[in-house]
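Report on one structure; see the data block that follows.
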Amino acid sequence: MGNAPAGRRARGSLESEVMGLLWGRSEPLTAADVQSAIGGDLAYNTVQTILIRLHEKNLVHRRKAGRGHVYWPVEDAATAAAKRMRAALADPVDRHAVLQQFAASLDEDDAATLRGLLQP
654 MGNAPAGRRA RGSLESEVMG LLWGRSEPLT AADVQSAIGG DLAYNTVQTI
704 LIRLHEKNLV HRRKAGRGHV YWPVEDAATA AAKRMRAALA DPVDRHAVLQ
754 QFAASLDEDD AATLRGLLQP
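Letter by letter, the sequence shown follows residues 654 to 773 in the working numbering.
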């Protein structure tokens with residue numbers, strides 16, 4: 654994949670940043686709201702394109718609002734993260750090794766939380 658050129662975000666990082674912003678808000682946002690919240694010199698058209706792509710991927714809902722749309726997440730951040738974890742485990746690799754690597758990477762607090770969740 655490689656590094657992004659100077660001044661450019663890594664592939665997918667803008668989508669992640671937009672999703673993080675939407676998850677952190679209780680109300681739907683317009684493309685202008687997102688552009689303002691992210692800041693920097695990000696073009697409005699870039700933000701609008703990202704939101705349209707997220708909608709096409711069924712990651713956000715949208716509805717007409719004035720001349721544009723407002724956007725909000727299809728699911729909360731925890732549900733989305735859990736889906737990504739399940740997808741990683743569904744890959745035809747050694748599930749045991751994946752789970753082992755994941756468990757080994759947890760800090761003590763997260764490991765204790767996971768142990769508590771796994772107790773019958």
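Every residue, glycine too, gets a C-beta built ideally from N, C-alpha and C.
Contact annotation: residue 727 and residue 712 have beta-carbon atoms nearer than 9 angstroms. Distance from residue 714 to residue 725 at the Cβ level is roughly 6 angstroms; contact confirmed, criterion being Cβ atoms closer than 8 angstroms. The C-alpha of residue 694 lies about 22 angstroms from the C-alpha of residue 676. The beta carbon of residue 703 sits closer than 7 angstroms to the beta carbons of 667, 668, 671 from its chain, once the five residues preceding and following it are set aside; these are given in chain order. Per DSSP, the continuous alpha helix (DSSP H) segment holding residue 751 begins and ends at 748 to 758. Linking residue 706 to residue 665 through their CA atoms gives a straight-line distance of about 11 angstroms. Residue burial is scored here from C-beta neighbours: residue 749 has fewer than 16 other C-beta atoms within 10 angstroms and is therefore classed as exposed.
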